[in-house]
Amino acid sequence: MDRALEQPPHLIAAGAGWIAQPGNLEAARERNAGIVFLRVSPAVAAARLGEDATRPLLAGGDPTARLQALLAERESWYRQALAEVDAEQTVEAVATQVAEHAARA
Numbered sequence: 099m100d101r102a103l104e105q106p107p108h109l110i111a112a113g114a115g116w117i118a119q120p121g122n123l124e125a126a127r128e129r130n131a132g133i134v135f136l137r138v139s140p141a142v143a144a145a146r147l148g149e150d151a152t153r154p155l156l157a158g159g160d161p162t163a164r165l166q167a168l169l170a171e172r173e174s175w176y177r178q179a180l181a182e183v184d185a186e187q188t189v190e191a192v193a194t195q196v197a198e199h200a201a202r203a
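Just add 98 to wherever you are in the sequence shown, counting from 1, and you've got the working numbering.
Structure, rendered in structure tokens:
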């Protein structure tokens with residue numbers, strides 16, 4: 099991630115757990131990175147993932163319940179983002195809002 103943050107301005111789609119890893123948020127802030135929290139409910143996230151078996155943190159059990167638990171663990175980190183976008187909208191609406199936040203950063 100450090101190499102990505104050293105490049106000219108661009109969009110990085112970090113994984114959901116990235117922000118909670120020690121040092122990542124601080125490194126992003128030091129480089130004036132604009133972090134946007136794409137908020138989506140656990141139920142919608144689970145529906146979008148469908149039968150995706152490539153997510154080890156969701157293996158076994160109820161994916162919606164696991165996503166709810168992960169959100170509870172990580173939400174305080176997500177709330178430290180520069181901006182928050184309702185990602186349950188259309189792709190176009192989400193992209194427009196992210197671009198607007200990026201332009202202001």
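Built from N, CA and C at the ideal position, the CB exists for glycine as well.
Whole-angstrom C-beta distance between residue j and residue i, which should lie under 8 Å
i    : j    : result
A118 : I110 : In fact, because the Cβ distance is near 16 Å, the residues do not count as touching under 8 Å.
V138 : A185 : 4 Å
A126 : I133 : 6 Å
Beta carbon of residue i nearer than 7 Å to that of residue j
i    : j    : result
L165 : A143 : yes
V192 : V183 : yes
A131 : T162 : no
Alpha-carbon to alpha-carbon, residue j and residue i
i    : j    : result
Y176 : E149 : 26 Å
Q195 : A179 : 14 Å
E173 : A200 : 21 Å
E197 : A151 : The amino acid at residue 197 is misidentified as Glu; the sequence shows Ala. Their backbone Cα atoms lie some 31 Å apart in a straight line.
L147 : P120 : 27 Å
Beta-bridge partners of residue i, as assigned by DSSP
i    : result
A181 : V134
Sequence-distant residues of the same chain with beta carbon closer than 6 Å to residue i, five excluded per side
i    : result
R153 : none
L156 : R164
L123 : I117
A181 : V134, H199
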